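Engineer: To start, I am sharing the structure in question, which I have written as structure tokens.
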Amino acid sequence: MLLPGRILITLCLMSLVCSTAFSAEQVKSIRVWKAPEYTRIVFDLTGAIDHQVFMLNKPERLVLDLSNTVTPKSLSKLDFSGSPVSGIRHARRSKTDVRFVLDLKEAVKPKSFLLKPNDHYGNRLVVDVYPLSKQGQQSESIQSAKTVVANGKRNVIISIDAGHGGEDPGAIGPGRLMEKNVVLSIARELKREIDAMKGYRAELTRSGDYYVSLRGRTRLARKQKADLFVSIHADAFHKKSARGASVWALSERGATSEMGRWLAQKENDADLIGGVGNVSLGDKSDVLKEVLLDLSMTSSLKSSLDVGSLVLSEMGQVARLHKKHVEQAGFVVLKSPDIPSILVETGFISNPTEAKNLGSHNYRKKIAKRLAHGIKRYFQDKPPVGTYLAWVKAGRPTAPKVVPTRVHRVESASSTPKVASSVSSSKSVTKYKVQHGDSLSRVARKFSVTVNDLKEINGLKSSIIHVGQTLKVPAKRS
Ligand SMILES: [Zn+2]
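With mature numbering (1 follows the signal peptide of the UniProt record, and there is no 0) as the guide, the letters of the sequence shown map in order to residues -23 to -1, 1 to 455.
Here you go:
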């Protein structure tokens, strides 16, 4: 907006007068987010400030000195229940500085940093408070989760990642429907579905309204010993007409389409929103990790594409699809080198119709059911070694000497389909001539089989196929 010259000069003069008197930033509000491992306190500011943080003991207190800052007469009451903080108070330290004191129930380790404005918030001072007594507790609870077994065999572990959270609302739709809330609800539904399936167990990367860094999410999945990582999101686009659900796997070369690049950019910004990208985590081996990551990525990526295409076809039963194939982009959460990982965009929260769907409990439930079904189809076919599912697929083998004849007969009957499928596959094989525009994954989808099935039966070492090539296609899977 252009201001007429005279007003502009007046404004400049006024601001000059003001800044000479006291050029202070203001604390507009304070917000609290409670995560399992820390409590985040966010000071919303009118501008960037200098600050100092230090601890005092007897009793334990955390002191924050904010330079050149003023506070409003009253600040809204904060709920610190379930956190190591028992209260907050503030007082003017000098003409220009203000001091906040957090009264603590126990000793803590604070981390603080400033965040620049984004789409949702202005300048912020973030103070994360880590209780010293809780360190190590999280990994213990995960330890017990991963050792859960069925019939002496381990469960397949699915790590479900509800995108965004806390300070990062994700996409915002009509009626201030927030992506962070929609996806947490779908994640919880999906966990219920998966936990109800024999031989599976689901873990969440976040179970409430708080932020977990992108790398933190993949680290958590690794701690959970996940066999699959499923990140759940809901898109937004500046055009309201954009719609459709999609499934994404990692691409090493960045996004496969303009939309993909845009999305990848948008999602990766979350690290900055959450603040982790701005501070040192004391993790200096990222470059090395990156290299190792690339090396073992290939096999995980292949599995991701396979499970992704099954999940996508299931999603197609209840949702309109944005594209008919698994898309690929450089999402940070998909970068686990050792865990097949997919990102599911459940729909466009910016599209009024889809926002209405995503806002409904019934629809979220339907989506969760389809996701669970797609995951089940994949692991039934490719159960990880040592799992209950692998044991079932192998025909539930038992120690030879204790198998009574009667039981043995039943067992060999149940194992028949598996043995027969490799022997009699020639009976149920159809032939398909590769058309222009086909890819192996496209053919796999056409016949509801996996890329792996096609590779195996055709003895293919890579996924490259040629127009006119005849492919054997195994019997369609039920
Ligand atoms: Zn998202």
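Think of the CB as a built atom: it goes at the ideal place given N, C-alpha and C, for glycine as much as any other residue. Keep in mind the model is a prediction, meaning the values are calculated, not measured.
Grouping DSSP H, G and I as helix and E and B as strand, with all else coil, what is E291?
Structural biologist: Indexing the sequence shown from 1 puts residue 291 at position 314. Helix at E291.
Engineer: Alpha carbon to alpha carbon, what distance is there between A349 and R153?
Structural biologist: In the sequence shown, counting from the first residue as 1, residue 153 sits at position 176. In the sequence shown, counting from the first residue as 1, residue 349 sits at position 372. In a straight line, the C-alpha of R153 is about 28 Å away from that of A349.
Engineer: If we require 4 or more residues per run, which alpha helix (DSSP H) segments fall completely within the stretch 17 to 92?
Structural biologist: none
Engineer: Round the Cβ separation of V78 and R38 to the nearest angstrom and send it over; I've been treating them as touching at under 8 Å.
Structural biologist: For the purposes of this step, residue 78 is taken as residue 101 along the sequence shown, with counting starting at 1. For the purposes of this step, residue 38 is taken as residue 61 along the sequence shown, with counting starting at 1. That pair is a contact at about 5 Å.
Engineer: Is the stretch 60 to 71 touching the stretch 94 to 108 in the sense that three or more CB pairs, one from each, lie closer than 8 Å?
Structural biologist: When C-beta atoms of the stretch 94 to 108 are compared with those of the stretch 60 to 71, three or more pairs fall below 8 Å, so the two segments count as touching.
Engineer: Name the residue from K353, R354, D212 and F206 whose alpha carbon lies nearest to the alpha carbon of V310.
Structural biologist: Working through the sequence shown from its first residue, we reach residue 310 at position 333. Answer by Cα proximity: F206.
Engineer: Which residues in the same chain as R422 place their Cβ atom closer than 6 Å to its Cβ, once the five residues preceding and following it in sequence are excluded?
Structural biologist: As a working mapping, residue 422 is identified with position 445 in the sequence shown. Contacts found: S286.
Engineer: Three Cβ pairs or more, each shorter than 8 Å: is that satisfied between the stretch 132 to 143 and the stretch 353 to 366?
Structural biologist: Counting Cβ pairs under 8 Å, three or more are found: they touch.
Engineer: Tell me whether G64, by its Cβ, gets closer than 7 Å to a heavy atom of ligand 1.
Structural biologist: Taking the first residue of the sequence shown as position 1, residue 64 is located at position 87. G64: no, Cβ never under 7 Å from ligand 1.
Engineer: Kindly indicate the opening and closing residues of the beta strand (DSSP E) around T323.
Structural biologist: Here residue 323 refers to the residue found at position 346 when the sequence shown is read from its first residue. Start and end: S318 to F325.
Engineer: What is the rounded straight-line gap between the Cα of R347 and the Cα of L102?
Structural biologist: In the sequence shown, counting from the first residue as 1, residue 347 sits at position 370. In the sequence shown, counting from the first residue as 1, residue 102 sits at position 125. If I take the Cα positions, the gap works out to 41 Å.
Engineer: When burial is assigned at 16 or more other CB atoms within 10 Å of the CB, is K438 buried or exposed?
Structural biologist: Taking the sequence shown and counting its residues from 1, one reaches residue 438 at position 461. Under this definition K438 is an exposed residue.
Engineer: State the start and end residues of the unbroken alpha helix (DSSP H) segment that holds F356.
Structural biologist: Translated into positions along the sequence shown, residue 356 becomes position 379. Run containing F356: H338 to D358, per the alpha helix (DSSP H) assignment.
Engineer: Give the DSSP-derived three-state secondary structure of S223 in the structure shown.
Structural biologist: If you number the sequence shown from 1, residue 223 lands on position 246. The answer is strand: DSSP assigns S223 an E or B state.
Engineer: Identify, in the order they occur along the chain, each residue of the same chain with its Cβ nearer than 6 Å to the Cβ of R386, setting aside the five sequence neighbours on each side.
Structural biologist: Taking the sequence shown and counting its residues from 1, one reaches residue 386 at position 409. Note on R386: pLDDT 35, under 50, position unreliable in the model; no value is reported.
Engineer: Pairs of beta-carbons, one from the stretch 6 to 26 and one from the stretch 196 to 210, closer than 8 Å: are there three or more?
Structural biologist: no
Engineer: Use the C-beta contact count for H28: other C-beta atoms within 10 angstroms, 16 or more gives buried, fewer gives exposed.
Structural biologist: Here residue 28 is taken as the residue at index 51 of the sequence shown, counted from 1. So H28 ends up on the buried side.
Engineer: Which residues bound the beta strand (DSSP E) around D204?
Structural biologist: Counting from one through the sequence shown, the residue named residue 204 turns up at place 227. Looking at the DSSP string, D204 is not in any beta strand (DSSP E), and its letter there is neither H nor E.
Engineer: From the DSSP output, read off the bridge partner residues of A306.
Structural biologist: In the sequence shown, counting from the first residue as 1, residue 306 sits at position 329. Paired residues: L227.
Engineer: Is there at least one non-hydrogen atom of ligand 1 closer than 7 Å to the beta-carbon of G140?
Structural biologist: Reading the sequence shown from its first residue, position 163 is the one you call residue 140. Yes.
Engineer: Which residues mark the beginning and the end of the alpha helix (DSSP H) in which Y107 is found?
Structural biologist: Taking the first residue of the sequence shown as 1, we reach residue 107 at position 130. First-last for Y107: R101 to P108, but that is the beta strand (DSSP E), not the alpha helix (DSSP H).
Engineer: Answer yes or no: the CB of G147 versus the heavy atoms of ligand 1, is any distance below 7 Å?
Structural biologist: By one-based count along the sequence shown, residue 147 stands at place 170. For ligand 1, at least one heavy atom lies less than 7 Å from the Cβ of G147.
Engineer: Please classify F31 as buried or exposed, where buried requires at least 16 neighbouring CB atoms within 10 angstroms.
Structural biologist: Your numbering for residue 31 matches position 54 in the sequence shown. Burial call: exposed.
Engineer: Over what stretch of residues does the beta strand (DSSP E) that includes Y187 continue unbroken?
Structural biologist: As a first step, residue 187 is located in the sequence shown; it is residue number 210 there, counting from the start. From DSSP, Y187 is part of no beta strand (DSSP E); its letter is neither H nor E.
Engineer: Alpha carbons only, please: which of E291, P317, G293 and M292 is nearest the one belonging to S276?
Structural biologist: Here the question's residue 276 lines up with position 299 in the sequence shown. Closest option to S276, Cα to Cα, is P317.
Engineer: When DSSP builds the beta bridges, which residues end up paired with A179?
Structural biologist: Reading the sequence shown from its first residue, position 202 is the one you call residue 179. In the DSSP output, where bridge partners are listed per residue, A179 has I135.
Engineer: Can you round the beta-carbon distance between D212 and I344 to whole angstroms, since I take them to be within the 8 Å contact cut?
Structural biologist: Here residue 212 is taken as the residue at index 235 of the sequence shown, counted from 1. Here residue 344 is taken as the residue at index 367 of the sequence shown, counted from 1. Actually they are not in contact, since the Cβ atoms of D212 and I344 sit about 14 Å apart, beyond 8 Å.
Engineer: For a test of your reading of the model: does the CB of H97 fall under 7 Å from any non-hydrogen atom of ligand 1? Yes or no.
Structural biologist: Against the sequence shown, residue 97 aligns to sequence position 120. Result no, Cβ not under 7 Å from ligand 1.
Engineer: Taking a contact to mean a Cβ-Cβ separation below 8 Å, would you say D172 touches R165 in this structure?
Structural biologist: Taking the first residue of the sequence shown as 1, we reach residue 172 at position 195. Taking the first residue of the sequence shown as 1, we reach residue 165 at position 188. No, the Cβ-Cβ distance between D172 and R165 is not below 8 Å.
Engineer: State the DSSP-derived secondary structure class of S405, mapped to helix, strand or coil.
Structural biologist: Translated into positions along the sequence shown, residue 405 becomes position 428. When DSSP states are grouped into helix, strand and coil, S405 belongs to the coil group.
Engineer: Taking 7 Å as the cut-off, is the C-beta of L413 nearer than that to any heavy atom in ligand 1?
Structural biologist: Against the sequence shown, residue 413 aligns to sequence position 436. This sequence places His at residue 413; Leu is not what is there. No, the Cβ of H413 stays beyond 7 Å of every heavy atom of ligand 1.
Engineer: Determine the direct distance from the alpha carbon of L320 to that of S398, and round the result to whole angstroms.
Structural biologist: Start at 1 with the first residue of the sequence shown, and residue 398 comes out as number 421. Start at 1 with the first residue of the sequence shown, and residue 320 comes out as number 343. Note that S398 has pLDDT 32, beneath the 50 cutoff, so the model's placement of it is unreliable and the number below is only indicative. So the two alpha carbons sit approximately 32 Å from each other.
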